[in-house]
Amino acid sequence: MSHERPSADVVKAPCGGGGRGNEPAGLSRRDMLKYTAACAVSAFLAGCSGPEREAFFQKRFKELSPDEVKRVLARLEKQHSEEIGKPVTVGAAPALEGVLYGYGLDLSRCVGCRRCVYACVGENNQSRDPQIHWIKVLSMQKEDGVDIMKSDAYYNPEQVPEEDKFYMPVACQQCRNPPCVKACPVKATWQEPDGIVVIDYNWCVGCRCCMAACPYGARHFNWTTPNVPKDQINPHMHYLGNRPRQRGVVEKCTFCIQRVREKNGRYPACVEICPVGARKFGNLLDKNSEISHILRDKRVFILKEELSTEPKFFYFYAT
Numbered sequence: 019m020s021h022e023r024p025s026a027d028v029v030k031a032p033c034g035g036g037g038r039g040n041e042p043a044g045l046s047r048r049d050m051l052k053y054t055a056a057c058a059v060s061a062f063l064a065g066c067s068g069p070e071r072e073a074f075f076q077k078r079f080k081e082l083s084p085d086e087v088k089r090v091l092a093r094l095e096k097q098h099s100e101e102i103g104k105p106v107t108v109g110a111a112p113a114l115e116g117v118l119y120g121y122g123l124d125l126s127r128c129v130g131c132r133r134c135v136y137a138c139v140g141e142n143n144q145s146r147d148p149q150i151h152w153i154k155v156l157s158m159q160k161e162d163g164v165d166i167m168k169s170d171a172y173y174n175p176e177q178v179p180e181e182d183k184f185y186m187p188v189a190c191q192q193c194r195n196p197p198c199v200k201a202c203p204v205k206a207t208w209q210e211p212d213g214i215v216v217i218d219y220n221w222c223v224g225c226r227c228c229m230a231a232c233p234y235g236a237r238h239f240n241w242t243t244p245n246v247p248k249d250q251i252n253p254h255m256h257y258l259g260n261r262p263r264q265r266g267v268v269e270k271c272t273f274c275i276q277r278v279r280e281k282n283g284r285y286p287a288c289v290e291i292c293p294v295g296a297r298k299f300g301n302l303l304d305k306n307s308e309i310s311h312i313l314r315d316k317r318v319f320i321l322k323e324e325l326s327t328e329p330k331f332f333y334f335y336a337t
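If you use this note's numbering, the sequence shown closes out at 337, no skipped numbers anywhere.
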């Protein structure tokens, strides 16, 4: 009786040629994996509704035709309106002509109150439990200067600002040379003409390569389905911005793309809420804008400038 083992490259099915039931006999290991994956996808799609199947097979946002964009937005509006029980608008306003957004933050004014953090959460439909914050405020000792290694992101005094402390909020730096974009293996993230780095959540595979590439810790992964109370959801959404994200994707600050691309334009939520006017925002291509004035006339520095990411987020001292 022969005791030879079957070839390492072939999986032999039991008598009857049916394996566990339906798979063909004599498959190579690679073909077996392909077959198993195909079965899993088929089973998944069989349990999906029409809109879910449409979303699964959707092309990259940048590849959609205008008519396809309209259908996608209509599907999302209907879906989210039904989920939260009130009308929702999902837009896809493109970048404005002649605009390159820049952000300024006055470290001599910031008092560390974190109102910007929670205004951002409310505007951009970030998860409350577990909490996801696109802005992190760091507390630092004045005598140490800007030293990230000695900073405290979890300070909790009875009152701010604390004596001998200053505060440095950090979010997406909207780099001109974004390493996160280069790292994405499926090109789910890119930089728009107005300088905003965006993510197509339908194409993000959750590999987190962009998170590893970002030197500012500005990208955040959804480990669970984001939890946002229905009565707190902002119904004014943008496809590339604050629409609800699903579990297993990365998200980040988009300069409140749903606000700044409106016809008349609005400031990002964090700029509006700042009680001391430490945050500035505007068009870098406009020589008369406030952000251009800051770059010309104030003491400005860039976080981790030595990395050549060329952020459009500028820290400065007004006094």
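Even glycine gets a Cβ: it sits at the ideal position worked out from N, Cα and C.
For residue i, which residues in the same chain have their Cβ closer than 8 Å to its Cβ, ignoring the five residues on either side in sequence?
i, result
"Asp347", "Past the boundaries of the shown model lies residue 347; the chain is included only from 19 to 337, so the question cannot be answered."
"Lys330", "Leu118, Tyr119, Gly120, Tyr121, Gln191, Gln192, Cys193, Arg194, Gly213, Leu302"
"Tyr185", "Leu125, Cys128, Val129, Gly130, Val155, Leu156, Ser157, Met158, Val178, Pro179"
"Ile338", "In the structure displayed, the chain extends from 19 to 337; residue 338 sits before or after that span and is not available."
"Ser20", "Residue placement at Ser20 is poorly supported in this model, since its pLDDT is 49, which falls under 50; the coordinates still yield a value, given next. There are no such residues."
"Glu86", "Lys77"
Quick one: residues in its chain with C-beta nearer than 7 Å to the C-beta of residue i, no 5 flanking neighbours on either side, listed in chain order?
i, result
"Gln209", "Pro196, Val199, Val215"
"Ala296", "Leu123, Asp124, Arg127, Cys128"
"Glu328", "Cys193, Arg194, Asn195"
"Lys305", "none"
"Lys270", "Trp152, Cys190, Ile217, Ala236, Arg237, His238"
"Pro253", "Lys104, Pro105, Val106, Thr107"
"Asp49", "none"
"Phe319", "Tyr333"
"Pro211", "Ala113"
"Arg284", "Arg277, Val278"
Please report the distance separating the alpha-carbon of residue i from that of residue j.
i, j, result
"Ala137", "Pro84", "32 Å"
"Thr243", "Gln276", "22 Å"
"Pro338", "Asp249", "This structure does not reach residue 338, given that the chain is present from 19 up to 337, and the question cannot be answered."
"Val204", "Cys225", "10 Å"
"Leu82", "Arg146", "32 Å"
"Asn245", "Val135", "17 Å"
"His238", "Leu321", "19 Å"
"Cys228", "Arg263", "17 Å"
"Lys96", "Val223", "24 Å"
"Val164", "Ala231", "22 Å"
"Gln76", "Ala113", "22 Å"
"His98", "Glu181", "46 Å"
"Ala201", "Glu101", "34 Å"
"Leu325", "Pro233", "9 Å"
"Pro286", "Val139", "12 Å"
"Gln149", "Ile312", "33 Å"
"Lys80", "Trp221", "11 Å"
"Glu41", "Glu323", "The pLDDT assigned to Glu41 is 49, lower than 50, so where the model puts this residue is not dependable, and the model offers no usable value."
"Lys160", "Thr337", "15 Å"
"Pro247", "Lys88", "27 Å"
"Arg78", "Pro187", "33 Å"
"Glu176", "Ile166", "23 Å"
"Ser307", "Gly116", "13 Å"
State yes or no: is the C-beta of residue i within less than 9 Å of the C-beta of residue j?
i, j, result
"Arg317", "Tyr335", "yes"
"Thr272", "Asn282", "no"
"Glu255", "Thr107", "Strictly speaking, residue 255 in this sequence is Met, with Glu absent from that position. Cβ distance < 9 Å, so Met255 and Thr107 count as in contact."
"Ile251", "Asn143", "yes"
"Glu141", "Cys274", "yes"
"Arg207", "Val268", "Looking at the sequence itself, residue 207 is Thr, so the reference to Arg does not match. A contact, by the Cβ cut-off of 9 Å."
"Leu91", "Tyr257", "yes"
Among residues of its own chain, excluding the 5 on either side of residue i, which ones have a beta-carbon nearer than 6 Å to its beta-carbon?
i, result
"Gly39", "Confidence at Gly39 is low in this model, with a pLDDT of 48, below 50, so the placement of that residue should be treated as unreliable; the coordinate-derived value is given next. Same-chain partners within the cutoff: there are none."
"Ala111", "Arg279"
"Ala171", "Lys154, Leu156"
"Leu94", "Val108"
"Val289", "Arg297, Phe299"
"Arg265", "Asn240, Thr242, Thr243"
"Arg132", "Val155"
"Lys183", "Ser157"
DSSP three-state label for residue i, please.
i, result
"Val164", "coil"
"Asp249", "helix"
"Glu101", "helix"
"Lys80", "helix"
"Tyr335", "strand"
"Thr107", "strand"
"Arg261", "coil"
"Ile217", "strand"
"Gly39", "Summary for Gly39: the model assigns pLDDT 48, below 50, so the residue's position carries little reliability; its value from the coordinates is reported in the next sentence. Coil at Gly39, not helix or strand."
"Val268", "strand"
Whole alpha helix (DSSP H) elements within the segment 124-210, 4-residue minimum
Under the rule that a run must span 4 or more residues, the alpha helix (DSSP H) segments found entirely inside the segment 124-210 read 133-141, 197-201.
Uninterrupted alpha helix (DSSP H) stretches inside the segment 281-334 (no shorter than 4 residues)
Secondary structure in the segment 281-334: the alpha helix (DSSP H) runs of 4 residues or longer, each lying completely within the stretch, are 287-291, 308-315 in chain order.
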